[in-house]
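If you read the sequence shown in the working numbering, its first letter stands for residue -5, the second for the next number, and so on.
Working notes, structure below.
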Amino acid sequence: MKQTTVDVHPRFAVGEVSPLIFGGFLEHMGRCVYEGVYEPGSRHADDDGFRDDVLAALRELQMTVMRYPGGNFASGYHWRDGVGPRGDRPVVKDLAWQSLESNQFGTDEFIKLCTKMNWEPMVAVNLGTGTPEEARDWVEYCNSSAPSRFARLRAENGAAEPYGVKYWCLGNEMDGPWQLGHVPASQYAIRAQQAAKMMKDCDRSIRNVVCGSSAVTMPTYLDWDRQVLEYVGGLAHYVSLHRYVGNPDGNAEDYLAIGNSIDEQIESVDACCRYVQAKLGRQRRAYLCFDEWNVWYKARTESDMDGQDKFAPHLVEEIYNAEDALVVAQFLNSFIRHADVVKIANLAQIVNVIAPLMTRGDRLLKQSIFYAFQLFSEKKTGLSLRLAVDGPGYTTDRYREVSYLDCSAILNHRAGELTFFMVNRSPGESLPIAVNLHDLMIDSVADQRILHHDKLDAVNTFEQPEEVVPRSFDQVSINGDTFTAALPAASLLRLVLKLH
Ligand code: AHR
């Protein structure tokens, strides 16, 4: 394969990488909450009923923000069911996932978990079957220090101090006919504006996320976003993007080109935000909150989504392979490349349900995507640099022209480090690269790790948990302000350079 060259200059930066793009998503769905993070009966349970093995693994992912309680679940959820003495909380039917919800885990447990994990909480209110007023009451419960009804209720439930929840999603996927309480854009915009106003009147410091399009394939894609942003105006700090991708046809080249379309989705929604800002003549614009993203296509049958009136049923327990890990890496590369506009992102979800972690009884498994996320998250601090990539590529039906190299770079001035995340998309050939840092002199290679497996469909199992894990790599040669390497076929290289 011909060499790919990359040119980087420290003066050409996209922007500071928002730490909040390394977020997660905890939904009351399947075994994400119960048998996932929370299982008082487990031998791993801590004093609060959280599974300390799961939390220890999540700590390794260094997530920064956690979205809760859904997802589709949010559109039928009434937060008051989940607070107060546990014995008094009702068992309810969850219509989103046809499951039973015990409400043993609710707002107070969620906040306790966030505090333990050092996660910024992000709460999605019910704008499907709930009212703007119910949403505003939830803000009061979480954030008010006044001696008023819901703040008092929180204190009675054991938390005298307000929780200070800053990020609030105004519903979930309201453009989708599958959503409880789905309405057209014009009606959602009214609901969202009413809720946002009351919520903000309750606590001026909060930041709202309006529902954008739930998929790029929606017939109302972008038009929905435009209408909602125009109507909600300055009360919308962020607009949400969702994306689930997969390889149902077993076409690796096509699947591994998907980063192109993630770039395109981000740039299209960004264009929509800029259009609305210019049209309304506003100083402030809405930024992008990619609050659900992942690979999800294998566990997607009807029965995967039907909880059959059970508590914590096995739902969408996707098994991830080596190829999926490279796609997760491309999502993160795209977020970093668009650091100026993507400010929050949440991997959906965190355990058991389309997740990097799986529990089985007392056991815990780290899936391939766990390692891709971890490699990035550990080195997330700094400035995203613009990269000029020139090299061979290929054409796919769905994603047109792509280069074999998918790449991002973060310059951490304080640590004196420059980190590259490089995916070789070629399933069959190694990729020679030459990178020129233009006056940034390399002192040494601080760390080089590769995530790669000869078989794209290789997976980690409880029996063989270390099939797809990062390994050390020693193929990078440095020389002044340049380095060269040959990336193995279908691999992710994380390269940390120490700078002079
Ligand atoms: O993450 C699983 C589901 O996918 C969420 O509940 C929903 O928002 C999306 O469609």
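Note that CB positions come from ideal geometry on N, CA and C, so glycine has one too.
- Counting only residues of its own chain and dropping the five nearest sequence neighbours on each side, M116 has a CB closer than 6 Å to the CB of V59, R61, Y161.
- Judged by beta-carbon spacing, D318 lies beyond the 7 Å limit of V345, meaning their Cβ atoms are not closer than that value.
- Under the DSSP assignment, A39 falls outside any beta strand (DSSP E); it carries neither an H nor an E label.
- Under the three-state reduction of DSSP output, R201 falls in the strand class.
- Between the stretch 169 to 184 and the stretch 206 to 223, the count of Cβ pairs shorter than 8 Å is three or higher; the stretches touch.
- In the same chain as R130, and ignoring 5 residues on each side of it, the C-beta atoms closer than 8 Å to its own belong to A189, M192, M193, D195, C196, in chain order.
- Judged by their CB atoms, G301 and W172 are not nearer to each other than the 7 Å cut-off.
- Contact between K374 and V11 is confirmed by a C-beta separation of about 6 Å, below the 8 Å threshold.
- Rounded to the nearest angstrom, the Cβ distance from S402 to S378 is 7 Å, consistent with a contact under 8 Å.
- Separation of K(-4) and P482 (C-alpha to C-alpha, rounded to the nearest whole angstrom) is 14 Å.
- D243 is classed as exposed because its beta carbon has fewer than 16 other beta carbons within 10 Å across all chains shown.
- CA-to-CA, the gap between A480 and D248 works out to about 22 Å.
- Membership of F477 in the beta strand (DSSP E) is indicated by the continuous run 476 to 481.
- Between the stretch 451 to 463 and the stretch 331 to 348 there are fewer than three C-beta pairs closer than 8 Å, too few to call the two in contact.
- Following the DSSP letters along the chain, one finds G100 in no alpha helix (DSSP H), marked with neither H nor E.
- Ligand 1 has no heavy atom closer than 6 Å to the beta-carbon of A145.
- With a contact defined as Cβ atoms closer than 8 Å, V310 and V347 qualify at about 5 Å.
- Between Q98 and the set L450, L351, D82, the nearest pair of CA atoms involves D82.
- In the structure shown, the three-state DSSP call for S138 is coil.
- With a cutoff of 6 Å, G64 counts as near ligand 1, since its C-beta is closer than that to a heavy atom of the ligand.
- In its chain, beyond the 5 residues on either side, M57, T58, V59, M60 have a beta carbon closer than 7 Å to the beta carbon of W113.
- Its chain contains V345, N346 as the residues whose beta carbon lies nearer than 6 Å to that of G30, once the 5 sequence neighbours on both sides are disregarded; these appear in chain order.
- In terms of Cα proximity to G78, the closest of H72, G100, Y71, S93 is G100.
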